[in-house]
Amino acid sequence: MWLRVTETLFTAEHAENAGIKKLCGPGGGDLETALRSGDRKGVKRVVIVTQERAHEAGKRQKPQKPLKAIEGGGIMTRPVPDTEPILLESMTWCEVAEALQSPDPVALLPIGATEAHGPHLPLQTDGIISWEAAQRAARRLRQQGITALVLPLLSYGVTYCGSPFAGTIPLTPATMTALVRDICLSAIRQGFRTVCICNSHLEPAHFEALHQAGKEVQEQTGITIGIPDKRDPEWAALLTEEFRQGSRHAGSYETSLVMAARPDLVREEIRQRLSPVWIDLPARLRAGARTFKEAGSEMAYFGNPAQASVAEGEACFEALATMIVTTVLRLLGRS
Numbered sequence: 000m001w002l003r004v005t006e007t008l009f010t011a012e013h014a015e016n017a018g019i020k021k022l023c024g025p026g027g028g029d030l031e032t033a034l035r036s037g038d039r040k041g042v043k044r045v046v047i048v049t050q051e052r053a054h055e056a057g058k059r060q061k062p063q064k065p066l067k068a069i070e071g072g073g074i075m076t077r078p079v080p081d082t083e084p085i086l087l088e089s090m091t092w093c094e095v096a097e098a099l100q101s102p103d104p105v106a107l108l109p110i111g112a113t114e115a116h117g118p119h120l121p122l123q124t125d126g127i128i129s130w131e132a133a134q135r136a137a138r139r140l141r142q143q144g145i146t147a148l149v150l151p152l153l154s155y156g157v158t159y160c161g162s163p164f165a166g167t168i169p170l171t172p173a174t175m176t177a178l179v180r181d182i183c184l185s186a187i188r189q190g191f192r193t194v195c196i197c198n199s200h201l202e203p204a205h206f207e208a209l210h211q212a213g214k215e216v217q218e219q220t221g222i223t224i225g226i227p228d229k230r231d232p233e234w235a236a237l238l239t240e241e242f243r244q245g246s247r248h249a250g251s252y253e254t255s256l257v258m259a260a261r262p263d264l265v266r267e268e269i270r271q272r273l274s275p276v277w278i279d280l281p282a283r284l285r286a287g288a289r290t291f292k293e294a295g296s297e298m299a300y301f302g303n304p305a306q307a308s309v310a311e312g313e314a315c316f317e318a319l320a321t322m323i324v325t326t327v328l329r330l331l332g333r334s
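When we follow numbering that gives the first Met the number 0, the leftmost residue of the sequence shown carries the number 0, and every step to the right adds one.
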């Protein structure tokens, strides 16, 4: 067994929701002190320590559950037993029925896309990120006594930007809206009182379709669907500088996340040779570009994939899980 130490950034409010008791490094200190001082929004550096098992040489090193307590700071939470299911697709209807008897059952809906992500990442990159972030968030919510289940991954989205590249399969906005709306309505009818969408595809038309679905669900049920957006300043502050500057498609940010979750799917020899493409993709789309090629990328990536790392991916996953957990807690009126 060995320890992985990852540094990431959180506000005191986010750290509180994540179950983190120490804000370490420059400007850190006890979380309670930060909360008492009213400094809930100031960004702090947090050291996250997880326990890992070294596998055979050449195989992936799979992160395990957080340690129960780390002396000198870190995470102090109740580990979720491996036997406690969080994936709806692997459960029986009897097990789901039992889970729905909890006070506030939560459904997390991971959404990705089937879309080109450079010559080094798989078409399912967005889905991989959403799937992993949703599972991490579900385990954190369980640690706080909240029953959260991850719904099966929705692997398609509104992906017109990648349409010139082979393998990209877009849905129309109307189809996306109807699909997400019906999934959320069905989950609510089943007994989930809180539904949160865990989305990693950032195309503007895609997000508009998600918000339209949320609006229609609220009109029919009165229930607000959580749709956290990592582009919001509150969450972008926890991610990388590359992400905030707009070179966020298949660059260091997304490549690091896939390296952390599914390193077997990263084409390493290609990744290491890629030159940076420093283009603000959102700005180009606002200016009228309709595809990645029109925005200036001939290979469907922006940013610097060669600079990606597992450590960056782990830190970003912690931030994404915090975004989801905080959104759910706010929907439940607990934050």
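Beta carbons: idealized from backbone N, C-alpha and C, even for Gly.
The bridge partners DSSP lists for Ala147 are Val105. One Cα belongs to Ala147, the other to Leu140, and the distance between them is close to 6 Å. Contact between Ala249 and His116 is confirmed by a C-beta separation of about 4 Å, below the 8 Å threshold. In chain order, Ala294, Gly295 place their CB closer than 7 Å to the CB of Arg283, counting only its own chain and leaving out the 5 sequence neighbours on each side. In its chain, beyond the 5 residues on either side, no residue has a beta carbon closer than 6 Å to the beta carbon of Gln143. In terms of Cβ geometry, Ser251 and Glu267 do not form a close pair [threshold 9 Å]. Within the same chain, Tyr159, Cys160, Gly161, Ser162, Pro163 come within 8 Å of Thr290 by CB-CB distance, once the 5 residues on both sides are set aside. In the displayed model, His200 falls within coil according to three-state DSSP, outside both helix and strand. Residues of the same chain with a CB within less than 8 Å of the CB of Ala165, apart from the 5 flanking positions on each side, are Ala115 in chain order. Annotated as distal: Cys195 and Ala259, with beta-carbon spacing of 9 Å or more. Ranked by how close their Cα comes to the Cα of Val105, the residues Glu317, Glu311, Lys214, Arg138 have Arg138 in first place. Ile110 is bridged by DSSP to Leu153, Asn198. With a beta-carbon spacing of about 6 Å, Thr254 and Arg270 fall inside the 8 Å limit used to define contacts.
The beta-carbon separation of Pro304 and His119, rounded to 6 Å, stays under the 8 Å limit for a contact.
Residue state for Thr220 is assigned as helix, using DSSP reduced to three classes. In the same chain as Ala235, and ignoring 5 residues on each side of it, the C-beta atoms closer than 7 Å to its own belong to Lys229, Phe242, Arg243, in chain order.
For Arg329, the enclosing alpha helix (DSSP H) starts and ends at 309 to 330. Residue environment analysis places Ser308 among the exposed positions, since fewer than 16 neighbouring C-beta atoms fall within 10 angstroms of its C-beta. Using a Cβ-Cβ distance cut-off of 8 Å, the region 215 to 234 and the region 187 to 207 are in contact, since at least three pairs of beta carbons, one from each stretch, lie closer than that value.
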